[in-house]
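Chemist: If you're matching them up, the sequences are chains A and B in order. Sequential numbering of the first sequence, starting at 1, is according to the working numbering. Sequential numbering of the second sequence, starting at 152, is according to the working numbering. Quick one: structure below, then a few questions.
Number of protein chains: 2
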Amino acid sequence: MTDGDTFVRALDTAGYRLTEPRRAVAGLIGGRRGYFTAADLLAEAKSRRLGIGRATIFRALELFTELNLVERLDLPNGEHAYVECARAHHHHVICSSCGRTTEVEDCGMQAVAEEVARRSGYQIASHRLELFGLCPKCAAQSVPDRSRLQA
Amino acid sequence: MTDGDTFVRALDTAGYRLTEPRRAVAGLIGGRRGYFTAADLLAEAKSRRLGIGRATIFRALELFTELNLVERLDLPNGEHAYVECARAHHHHVICSSCGRTTEVEDCGMQAVAEEVARRSGYQIASHRLELFGLCPKCAAQSVPDRSRLQA
DNA sequence: CGACCGACGAGATTCAGTCTCGACACCATG
DNA sequence: CATGGTGTCGAGACTGAATCTCGTCGGTCG
């Protein structure tokens, strides 16, 4: 998806140093199509012999999260995962089969939040919404009712 | 909130044994007003010298979750917490100040999910929504603009 | 070119959550 | 009432994710 360029620029803009390990982590993230866990990156870094330490991966993820380059999400099984993303406020649809994620915009959540605020009396400050299901491809493969080809 | 009675009845109905430790955990949960973590219960059980083991707490929580007596939620900081709740599908509003949680019903989420499905092409199977903000009391305390008393 | 400070890797550490195990309680038989 | 099987228990070992520490390295700026 992103080739890491966005990351580099964002780091630069925010006044962080542009170090080799950070580029490497950015590269690892860029090479992924869906969500990933810290352990995934760690494993890949190790297998590619990038020589990046555990701490560095976590530091980089923390940094990228802070810069809104990456977002942390919680899978239903309790795992913590990350997805690359750029926008400020949005949500993710996560394919429970292949792990692909897609960003979606508000889609009326604002109205829901307001409704909740009205009913509960709370001052809603933020919310998180995660949707799970099958992405078009996986849906086509598992239930090929309308599409006739399966690959 | 609940005094554990609901728990006892649910266990009974579902065919699970009504053991003392389970009652104890139910009691611990009942004595809480907001969300709580497994560690919270653990600590309280220990300080009260209830003699309940770690595993038992987790087993009970797992059981209660399965029976829809309790729901697991993920706090923004990544912690795993639980809230007492009864209904099948609903969401939680969590006070980021005092930790109180309130259940809210769908509030139009169904429409949002459908809209997301339409835009993304995904088959949405489930979703999770968590709202964070200030509960009426905390809001009144921190910004007493309309209410004049502060306690 | 030199010094400072942020970032680094390695590994120790912590902590939540799970698993294992032997003991025990409950229920259903005989 | 004795017996056996099943489900649950507590304790503690274990696992793996995440954090922290520390001495070193390297980028940046004077």
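Glycine included, C-beta positions come from ideal geometry on N, C-alpha and C.
Round the Cβ separation of B/Val221 and B/Glu235 to the nearest angstrom and send it over; I've been treating them as touching at under 8 Å.
Modeler: Counting from 1 along the second sequence, the entry for residue 221 of chain B is found at position 70. Counting from 1 along the second sequence, the entry for residue 235 of chain B is found at position 84. 6 Å between Cβ atoms; contact.
Chemist: With B/Val244 and A/Ser120 assumed to form a contact (beta carbons below 8 Å), what rounded beta-carbon distance in angstroms separates them?
Modeler: Sequence index remark: in the second sequence, residue 244 of chain B carries index 93 (1-based). Sequence index remark: in the first sequence, residue 120 of chain A carries index 120 (1-based). So it is a contact: roughly 5 Å between Cβ atoms.
Chemist: Check B/Ile275 in the structure and name its three-state DSSP category.
Modeler: As a first step, residue 275 of chain B is located in the second sequence; it is residue number 124 there, counting from the start. Correct three-state label for B/Ile275: strand.
Chemist: For a test of the three-state rule: what should DSSP assign to B/Arg299, helix, strand or coil?
Modeler: Residue 299 of chain B sits at position 148 when you count from the first residue of the second sequence. Per-residue confidence for B/Arg299 stands at a pLDDT of 41, beneath the threshold of 50, marking its modelled position as unreliable; the derived number appears in the next sentence. It is coil, neither helix nor strand.
Chemist: By the three-class DSSP mapping on this structure, what secondary structure does A/Leu152 have?
Modeler: In the structure displayed, chain A extends from 1 to 151; residue 152 of chain A sits before or after that span and is not available.
Chemist: Does A/Arg72 pass the burial test, meaning 16 or more other C-beta atoms within 10 Å, or should it be called exposed?
Modeler: Taking the first sequence and counting its residues from 1, one reaches residue 72 of chain A at position 72. Residue burial annotation: A/Arg72 is buried, with at least 16 other C-beta atoms found within 10 angstroms of its C-beta.
Chemist: Determine which residues share a DSSP beta bridge with A/Glu84 and list them.
Modeler: As a working note, residue 84 of chain A is residue 84 in the first sequence. Bridge partners of A/Glu84: A/Val70.
Chemist: What residues in its chain sit with their C-beta under 8 Å from that of A/Ala14, if we drop five residues either side in the sequence?
Modeler: Stepping through the first sequence from its first residue, residue 14 of chain A is reached at position 14. Hits under 8 Å: Leu67.
Chemist: Who are the Cβ neighbours of A/Ser97 in its own chain at under 6 Å, not counting the five residues just before and after it?
Modeler: Walking along the first sequence from the start, residue 97 of chain A turns up at place 97. Hits under 6 Å: Leu134, Cys138.
Chemist: Specify, as a first and last residue, the run of the alpha helix (DSSP H) that B/Cys289 falls within.
Modeler: For the purposes of this step, residue 289 of chain B is taken as the residue at position 138 of the second sequence. Unbroken alpha helix (DSSP H) run through B/Cys289: 287-293.
Chemist: Are the beta-carbon atoms of A/Ala113 and A/His127 separated by less than 7 Å?
Modeler: Here residue 113 of chain A is taken as the residue at index 113 of the first sequence, counted from 1. Here residue 127 of chain A is taken as the residue at index 127 of the first sequence, counted from 1. Yes; because the gap between Cβ atoms is below 7 Å, this pair is in contact.
Chemist: Just to confirm, is the Cβ distance from A/Cys95 to B/Glu266 under 7 Å?
Modeler: Counted from its first residue, the first sequence places residue 95 of chain A at position 95. Counted from its first residue, the second sequence places residue 266 of chain B at position 115. The answer is no: Cβ separation not under 7 Å.
Chemist: Interface residues of chain B around A/His127 at Cβ under 8 Å?
Modeler: Working through the first sequence from its first residue, we reach residue 127 of chain A at position 127. Within chain B, the residues near A/His127 are Leu280, Glu281, Leu282, Phe283.
Chemist: In the structure shown, what three-state DSSP assignment does A/Glu103 receive?
Modeler: Mapped onto the first sequence, residue 103 of chain A falls at position 103. Correct three-state label for A/Glu103: strand.
Chemist: Confirm, please, whether the CB-CB distance from A/Leu50 to A/Ala24 is below 7 Å.
Modeler: Taking the first residue of the first sequence as 1, we reach residue 24 of chain A at position 24. Taking the first residue of the first sequence as 1, we reach residue 50 of chain A at position 50. Yes, they are a contact pair.
Chemist: Quick one: is A/Ser120 near chain B, going by C-beta distance under 7 Å?
Modeler: Within the first sequence, the letter at position 120 stands for residue 120 of chain A. Chain B, which has a Cβ nearer than 7 Å to the Cβ of A/Ser120, makes this yes.
Chemist: Give a yes or no on whether 7 Å exceeds the smallest Cβ distance from B/Arg297 to chain A.
Modeler: Within the second sequence, the letter at position 146 stands for residue 297 of chain B. Caution is warranted here: a pLDDT of 44 is assigned to B/Arg297, below 50, making its placement in the model unreliable, and the coordinate value is therefore given only provisionally. By this cut-off, B/Arg297 is not an interface position.
Chemist: Rounded to whole angstroms, what is the Cα-Cα separation between B/Arg173 and B/Gln261?
Modeler: Residue numbering aside, residue 173 of chain B sits at position 22 when the second sequence is read from its first letter. Residue numbering aside, residue 261 of chain B sits at position 110 when the second sequence is read from its first letter. Pairing B/Arg173 with B/Gln261, the inter-Cα distance amounts to about 35 Å.
Chemist: Note down, in chain order, each residue of its chain lying with its Cβ closer than 7 Å to the Cβ of A/Leu149, except the 5 sequence neighbours on either side.
Modeler: Translated into positions along the first sequence, residue 149 of chain A becomes position 149. Confidence at A/Leu149 is low in this model, with a pLDDT of 38, below 50, so its placement is unreliable and the value that follows should be read with caution. There are no such residues.
Chemist: Alpha carbon to alpha carbon, how far is A/Phe36 from A/Ala81? Give it in angstroms, no decimals.
Modeler: For this step, residue 81 of chain A is matched to residue 81 along the first sequence. For this step, residue 36 of chain A is matched to residue 36 along the first sequence. Taking the straight line from one Cα to the other gives about 5 Å.
Chemist: Helix, strand or coil, according to DSSP, for A/Leu129 in the structure here?
Modeler: By 1-based counting over the first sequence, the position of residue 129 of chain A is 129. Strand.
Chemist: From what residue to what residue does the alpha helix (DSSP H) around A/Ile29 run?
Modeler: In the first sequence, counting from the first residue as 1, residue 29 of chain A sits at position 29. It spans 20-30 - the alpha helix (DSSP H) in which A/Ile29 sits, taken as one unbroken run.
Chemist: In its own chain, which residues sit with a C-beta less than 6 Å from the C-beta of B/Leu214, not counting the 5 before and 5 after it?
Modeler: Position 63 of the second sequence, counting from 1, holds the residue named residue 214 of chain B. Cβ neighbours of B/Leu214 beyond the five flanking positions: none.
Chemist: What distance in whole Å lies between the Cβ atoms of B/Ile208 and B/Leu193, which are believed to be in contact at a cut-off of 8 Å?
Modeler: To locate residue 193 of chain B, count along the second sequence from 1; it is residue 42. To locate residue 208 of chain B, count along the second sequence from 1; it is residue 57. Between B/Ile208 and B/Leu193 the Cβ distance is about 6 Å, and since that is below 8 Å, they are a contact.
Chemist: Taking DSSP's pairing of strands, which residues face A/Cys98 in a bridge?
Modeler: Sequence index remark: in the first sequence, residue 98 of chain A carries index 98 (1-based). According to DSSP, which records beta bridges pairwise, A/Cys98 is partnered with nothing at all.
Chemist: Can you give the beta carbon distance from B/Leu179 to B/Glu195, rounded, assuming they're within the 8 Å contact cut?
Modeler: Within the second sequence, numbered from 1, the residue matching residue 179 of chain B stands at position 28. Within the second sequence, numbered from 1, the residue matching residue 195 of chain B stands at position 44. Contact flag correct, Cβ pair sits at about 6 Å.
Chemist: In chain B, which residues lie with their C-beta within 8 Å of the C-beta of A/Asp12?
Modeler: Locating residue 12 of chain A in the first sequence gives position 12, where the first residue counts as 1. Near A/Asp12 there are no residues of chain B at all, since even the closest Cβ is about 28 Å away, more than 8 Å.
Chemist: Going by CA-CA distance only, name the one from B/Ala189, B/Arg199, B/Ser293, B/Phe283 that's closest to B/Thr216.
Modeler: Taking the second sequence and counting its residues from 1, one reaches residue 216 of chain B at position 65. With distances taken between Cα atoms, B/Thr216 lies closest to B/Ala189.
Chemist: I'd like to confirm the pairing. Which residues does DSSP put opposite A/His91 in its beta bridges?
Modeler: Here residue 91 of chain A is taken as the residue at index 91 of the first sequence, counted from 1. A/His91 pairs with A/Val104.
Chemist: Using beta carbons (cut-off 7 Å, strictly below), is A/Ile124 in contact with chain B?
Modeler: Working through the first sequence from its first residue, we reach residue 124 of chain A at position 124. Yes - at least one Cβ of chain B is within 7 Å of the one on A/Ile124.
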